[in-house]
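J.: Residue numbers for the sequence shown follow the working numbering, beginning at 13 and rising by one. Even for Gly, the Cβ is constructed at its ideal location relative to N, Cα and C. Note that the structure is a prediction, hence the values are computed from the model and not measured. Here's a structure for you.
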Amino acid sequence: WNVYFENNARAYRPPGFPWFLAQLYRLTGISHEAARVVLAILGATQCMLLSLWAMRLSSTRVAVIAGLLCALDPQLIRYPQTLQSEILYLALLNLALFVLFVALRKNRLRLHVAAGALFGLTALSREIAIFVPLVVGLWYMTCRETLPPRRAAAWAALAFGLAVVVLPWSYRNFQI
């Protein structure tokens, strides 16, 4: 049972990565090698997603350089071996950013909700992601000419998506 154990763990450790590992172990048995392989695949996916949203913001050349730098980052190569949460966090963060850029391009509130929910999942793997909607809100306020006219509704949809995912864990933490 005690495959993933921490001394003094209480309410504040984000549940995303332990839940992710538990689901992998449920499927594969308690196999650290299987978890390492899945995390390595997520790491490669994260590099691809980073390239895709870099291409949306800049150029193909910048996207290729960003993807290569991501793939060659020694820490990102090491994290799957040590079963650390950063790979899951970064893959979710890059997926959320990609969905956010698609939402902006298509000007769809449902996609903003989906991006917010992905940011919520990201926050459940590393709590610092809870602040991403604030940064996005500042971006929406300062870049008025390049963003759609329904910025306030888009930001509210993003914040709603995040809140739906994060509030149950926040309520649990409040209770504990």
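1) Can you name the start and end residues of the alpha helix (DSSP H) that residue 47 belongs to?
2) Are there 16 or more other CB atoms within 10 angstroms of the CB of residue 43, so buried, or fewer, so exposed?
3) Quick check: residue 101 and residue 134, are their CB atoms within less than 8 Å of each other?
4) Might you give, ordered along the chain, the residues of its own chain that have their beta carbon closer than 8 Å to the beta carbon of residue 167, omitting 5 neighbours on each side?
5) Just verifying my parser: in three-state terms, what is the DSSP assignment at residue 142?
6) Tell me which residue opens and which closes the alpha helix (DSSP H) that residue 93 is part of.
7) Does the count of Cβ pairs from the region 88–104 and the region 47–67 closer than 8 Å reach three?
8) Just verifying my parser: in three-state terms, what is the DSSP assignment at residue 136?
9) Tell whether a beta-carbon distance below 8 Å holds between residue 83 and residue 74.
10) Is residue 98 buried or exposed, if buried means 16 or more other CB atoms sit within 10 Å of its CB?
11) Quick one: is residue 109 buried, meaning 16 or more other Cβ sit within 10 Å of its Cβ, or exposed?
12) The alpha helix (DSSP H) spanning residue 99 covers which residue range?
13) Assuming residue 38 is part of the alpha helix (DSSP H), what are its boundary residues?
14) Taking only the alpha-carbon atoms, compute the straight-line gap between residue 31 and residue 64 and give it to the nearest angstrom.
T.: Working from what's here:
1) Counting along the chain, the alpha helix (DSSP H) containing residue 47 begins and ends at 44–69.
2) Burial call: exposed.
3) Yes, they are a contact pair.
4) Excluding the 5 residues flanking it on each side, residue 167 has same chain C-beta neighbours closer than 8 Å at 124, 145, 148, 149, 152, in chain order.
5) Here residue 142 sits in helix by DSSP.
6) Start and end: 86–94.
7) The region 88–104 vs the region 47–67: in contact.
8) In the structure shown, residue 136 sits in coil (DSSP, three-state: anything other than H, G, I, E or B).
9) Not closer than 8 Å, so no.
10) Buried.
11) It is buried - the Cβ of residue 109 has at least 16 other Cβ atoms within 10 Å.
12) 98–118 is the extent of the alpha helix (DSSP H) around residue 99.
13) Boundaries of the alpha helix (DSSP H) harbouring residue 38: 28–40, taken from the DSSP string.
14) Just so you know, the alpha carbons of residue 31 and residue 64 end up roughly 28 Å apart.
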